[in-house]
Amino acid sequence: MIQRYLGNKTRYLEHLLTTFRAHAEEGAHVVDLFSGSLSVSLAMKEAGYRVSANDANLLSNIIGEAFLVPTGVPEADLALIPERARGACFREAQAVVLSERGFAVTRAAGQQHLATRLVALTLWLNMVEQSDLAPRYRRTDFFDTYTEEGKNSGYTSSRGRSGRRRFFSSSNGKRIDVALGQVRLWSRSGAISPPVEAYLLATLMRAVERVANTQGTFHDFPRETWDARALTPLRVEAASTDPMVSPVAGHRVGREEDSREFVKTVDPHAILYLDPPYNFRQYSAYYFLLNLVCRYPSITDLDDYFSKVTFVRGQNPEDDFTSSFCSSKMFLSDMGAVMRDAQADTVVVSYYTGANHWSKFNSDRNDTGLELLRGLMTGTMFEPESFTALEVERKNYASYGGYKARTVQELILVAKKRRQSGAARTVDGRVSEVA
Ligand SMILES: C[S@@+](CC[C@H](N)C(=O)[O-])C[C@H]1O[C@@H](n2cnc3c(N)ncnc32)[C@H](O)[C@@H]1O
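Going letter by letter, the sequence shown gives residues 17 to 451 in our numbering.
1) Using beta-carbon positions only, say whether PHE158 and GLY189 come within less than 8 Å of one another.
2) Less than 8 Å between the CB atoms is what I'm expecting for ALA286 and HIS45, so what's the real figure, rounded?
3) To the nearest angstrom, how far is it from the Cα of ILE97 to the Cα of TRP140?
4) Measure how close the beta-carbons of VAL309 and VAL194 come, nearest whole angstrom, since I'm counting them as under 8 Å.
5) To the nearest angstrom, how far is it from the Cα of ALA150 to the Cα of ASP383?
6) With DSSP as the reference, label THR248 as helix, strand or coil.
7) Suppose only complete runs of 4+ residues qualify. What are the alpha helix (DSSP H) ranges in the region 251-328, listed by chain order?
8) Quick check: what's the CA-CA separation for MET397 versus ASP380?
9) For GLU41, which option in LYS324, VAL212, ARG222, VAL264 has the closest C-alpha, if you only look at C-alpha atoms?
10) Once DSSP output is grouped into helix, strand and coil, what is the label at VAL144?
11) Roughly how far, in whole angstroms, is the beta-carbon of GLY80 from the beta-carbon of VAL261, given that I think they are within contact range, below 8 Å?
12) Which stretch, first to last residue, makes up the beta strand (DSSP E) that contains LEU427?
13) For LEU84 and GLY64, what's the separation of their Cα atoms in angstroms?
14) DSSP state of ARG14, grouped into three classes?
15) Taking 7 Å as the cut-off, does the CB of SER53 come closer than this to any heavy atom belonging to ligand 1?
16) Do three or more CB pairs link the region 120-140 to the region 102-110 at distances below 8 Å?
17) If PHE296 and PHE234 are in contact, beta carbons under 8 Å, what's the gap, nearest whole angstrom?
18) To which residues does DSSP link SER375 through a beta bridge?
19) Return yes when the C-beta of ASN332 is under 7 Å from any heavy atom of ligand 1, and no when it is not.
20) Between which two residues does the beta strand (DSSP E) holding GLU47 run?
21) Spatial neighbours of ALA125 within its chain, please: C-beta separation below 6 Å, excluding the five flanking residues on both sides.
22) Decide if GLY330 is buried, meaning its Cβ has at least 16 other Cβ atoms within 10 Å, or exposed.
23) What do you reckon, are the CB atoms on PHE50 and ASP291 nearer than 8 Å?
24) Going by C-alpha to C-alpha distance, which of ASP283, ALA254, SER185 sits closest to ASP243?
25) Less than 8 Å between the C-beta atoms of VAL143 and ALA95, yes or no?
26) I'd like the span of the alpha helix (DSSP H) that includes GLY352, first residue to last.
27) Take the Cβ of SER314 as the centre, count every other Cβ of all protein chains shown within 10 Å, and call the residue buried at 16 or more, exposed below.
28) Look at PHE497 and ASP335 and say whether their C-beta atoms are less than 8 Å apart.
29) Ligand 1 heavy atoms versus the CB of ALA72: any closer than 7 Å?
30) How do the region 356-373 and the region 425-437 stand: do at least 3 beta-carbon pairs fall below 8 Å, yes or no?
31) Give every residue of the same chain whose Cβ lies closer than 8 Å to the Cβ of SER203, excluding the five residues on either side of it in the sequence, and list them in chain order.
32) Please name the residue, chosen from HIS267, GLY391, VAL363, that lies closest to THR87 on a Cα-to-Cα basis.
33) Compute the beta-carbon to beta-carbon distance between LYS433 and VAL363, rounded to the nearest angstrom, for a pair I have assumed lies under 8 Å.
34) With a cut-off of 8 Å on the beta carbons, I'd call THR219 and GLU164 a contact; round off their distance for me.
35) Please state the DSSP three-state secondary structure of PHE183.
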């Protein structure tokens, strides 16, 4: 759904699914504890599993509410679009839903009419003007805070350099404001249901990502230049509704919870999948602007919220989350804690040998992290001899800061947890007492 999420596992889905299938039957309950872009959770759902997901970033919850939790396309009210544009939005949506590949499952399930209405609301976000909104929803928060012309976009860096934020061109800043104003109005007046709101935010977030003046993450922006993508006009496009359609119900997504706590609330499961951060980079700072798009409709006092933005990037510090997995000191003990607290049969961990807590960009392969995880997953919590490490792919890592490109490996580590005494777990995650 979002395209440029650091560490997303889109390229490794086939290898991961083969691993999951070897340890969990269709219909089993599986858990993705660092779900990020939701690439793995949605692949698990498509493969027929019941999925519980969580991530500290709000964007993950919104993608989950839009595409993971539903079992069908939600009802959206076409009458929300003003009459002058309703026909045009409907016809364009219909053409998309009837012809594009991302709607084939939806069509086969007979849900194309629902999808057309949903997509029409999304397309309206490209046409809505401030004058269509009630006065209190006509705001300029993104223009003011994240474009050079904005009145609240000035910053002073910790080194004393000052400038103006330039995450967006002025015209795109204004478009984001009016589109978000529309979603906020619909949301706060109860005109749209939570899954419809989540779908609109997910499509808007994708559009914002495409025109952001960044190199993929939002902790900073090029101070002197513009990424060519940022100079193209913002356009909100339909997102495939096919991931929504599913015969398996009971999917769940946490909302910005710390997975160390979330895991304690999850019922027994066949697979616990862990893809934590392996270095100091805090995802809540790197993706704060996409989280803000998702949060915007639910912020009660926007003046107060935007008066508190700080840092060069312009983040409200109340939205910051410091992950213990980004600390080399806490990483291993917290990995051990979530493995211990999970009622899981099998633990699957994604690991890569690129720059991480134990090795740098310019160092040769260093397997310290791998060995520490191996130590954990061959310890007393796990069945003896059950540990495997699968090296799935070699790829050339882009050169960075003058360092030469080097080859890194993506690994999938698997181990079976020891059964708790007195209880046996069935493959779909149910626990039954043993005589
Ligand atoms: C490597 S990324 C996961 C990528 C994901 N598998 C994908 O395909 O997009 C690591 C994720 O862990 C999340 N995270 C870090 N610490 C967390 C914590 N304590 N609780 C929940 N999520 C956390 C980050 O927000 C980030 O999305």
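Backbone N, C-alpha and C define an ideal beta-carbon position, used for all residues, glycine too.
Walking through what the data contain:
1) If you number the sequence shown from 1, residue 158 lands on position 142. If you number the sequence shown from 1, residue 189 lands on position 173. Against a cut-off of 8 Å, the Cβ pair of GLY189 and PHE158 comes out as a contact.
2) Within the sequence shown, the letter at position 270 stands for residue 286. Within the sequence shown, the letter at position 29 stands for residue 45. Yes, they are in contact, since the Cβ atoms of ALA286 and HIS45 sit about 6 Å apart, within 8 Å.
3) The residue labelled residue 97 in the question sits at position 81 within the sequence shown. The residue labelled residue 140 in the question sits at position 124 within the sequence shown. Their Cα atoms are separated by approximately 7 Å.
4) Taking the first residue of the sequence shown as 1, we reach residue 309 at position 293. Taking the first residue of the sequence shown as 1, we reach residue 194 at position 178. Contact doesn't hold; Cβ gap of about 13 Å is too wide.
5) For the purposes of this step, residue 150 is identified with residue 134 of the sequence shown, where counting begins at 1. For the purposes of this step, residue 383 is identified with residue 367 of the sequence shown, where counting begins at 1. Whole-angstrom Cα-Cα distance: 58 Å.
6) Residue mapping note: residue 248 aligns to position 232 of the sequence shown, counting from 1. The answer is coil: DSSP assigns THR248 none of H, G, I, E or B.
7) 275-278, 299-302, 304-311, 318-323
8) Looking up residue 397 in the sequence shown gives position 381. Looking up residue 380 in the sequence shown gives position 364. The straight-line gap from Cα to Cα measures roughly 32 Å.
9) Translated into the one-based positions of the sequence shown, residue 41 becomes position 25. Comparing Cα-Cα distances from GLU41 to each of LYS324, VAL212, ARG222, VAL264, the minimum goes to VAL264.
10) Along the sequence shown, one-based indexing puts residue 144 at 128. In this structure, VAL144 counts as coil in the three-state DSSP scheme.
11) Translated into positions along the sequence shown, residue 80 becomes position 64. Translated into positions along the sequence shown, residue 261 becomes position 245. Going by Cβ atoms, the distance from GLY80 to VAL261 rounds to 16 Å, so no, they are not a contact pair.
12) Taking the first residue of the sequence shown as position 1, residue 427 is located at position 411. Taken as a continuous stretch (DSSP letters only), the beta strand (DSSP E) holding LEU427 covers 423-432.
13) Residue 84 sits at position 68 when you count from the first residue of the sequence shown. Residue 64 sits at position 48 when you count from the first residue of the sequence shown. Looking at the two C-alpha atoms, the distance is approximately 12 Å.
14) Missing from the structure shown is residue 14; the chain here goes from 17 to 451 and no further.
15) Translated into the one-based positions of the sequence shown, residue 53 becomes position 37. The answer is yes for SER53.
16) yes
17) Translated into positions along the sequence shown, residue 296 becomes position 280. Translated into positions along the sequence shown, residue 234 becomes position 218. Between PHE234 and PHE296 the Cβ distance is about 17 Å, and since that is not below 8 Å, they are no contact.
18) Here residue 375 refers to the residue found at position 359 when the sequence shown is read from its first residue. Answer by DSSP bridge pairing, in chain order: ASN372.
19) On the sequence shown, position 316 is the one that residue 332 refers to. ASN332 Cβ: outside cutoff for every heavy atom of ligand 1.
20) Translated into positions along the sequence shown, residue 47 becomes position 31. For clarity, residue 47 is Val in the given sequence; the question names Glu instead. It spans 45-48 - the beta strand (DSSP E) in which VAL47 sits, taken as one unbroken run.
21) Your numbering for residue 125 matches position 109 in the sequence shown. Answer for ALA125: VAL261, listed in chain order.
22) Counting from 1 along the sequence shown, the entry for residue 330 is found at position 314. Answer is buried; the Cβ neighbour count reaches 16.
23) Working through the sequence shown from its first residue, we reach residue 50 at position 34. Working through the sequence shown from its first residue, we reach residue 291 at position 275. Yes, Cβ-Cβ distance for PHE50 and ASP291 is below 8 Å.
24) The residue labelled residue 243 in the question sits at position 227 within the sequence shown. That would be SER185, whose Cα lies nearest to the Cα of ASP243.
25) Within the sequence shown, residue 143 is the residue found at index 127, counting from 1. Within the sequence shown, residue 95 is the residue found at index 79, counting from 1. Correcting the residue type first, residue 143 is Met in the shown sequence and not Val. The answer is no: Cβ separation not under 8 Å.
26) By one-based count along the sequence shown, residue 352 stands at place 336. Element bounds for GLY352: 344-357.
27) As a working note, residue 314 is residue 298 in the sequence shown. So SER314 counts as exposed.
28) There is no way to answer for residue 497, as the model of the chain reaches only from 17 to 451.
29) Here residue 72 refers to the residue found at position 56 when the sequence shown is read from its first residue. Yes; taking the cut-off as 7 Å, the Cβ of ALA72 has a heavy atom of ligand 1 nearer than that.
30) yes
31) Taking the first residue of the sequence shown as position 1, residue 203 is located at position 187. GLU213, PRO313, SER314, listed in sequence order.
32) Along the sequence shown, read from residue 1 onward, the residue named residue 87 stands at position 71. It is HIS267.
33) Position 417 of the sequence shown, counting from 1, holds the residue named residue 433. Position 347 of the sequence shown, counting from 1, holds the residue named residue 363. Going by Cβ atoms, the distance from LYS433 to VAL363 rounds to 6 Å, so yes, they are a contact pair.
34) For the purposes of this step, residue 219 is taken as the residue at position 203 of the sequence shown. For the purposes of this step, residue 164 is taken as the residue at position 148 of the sequence shown. In fact, because the Cβ distance is near 26 Å, the residues do not count as touching under 8 Å.
35) Reading the sequence shown from its first residue, position 167 is the one you call residue 183. Coil, per DSSP.
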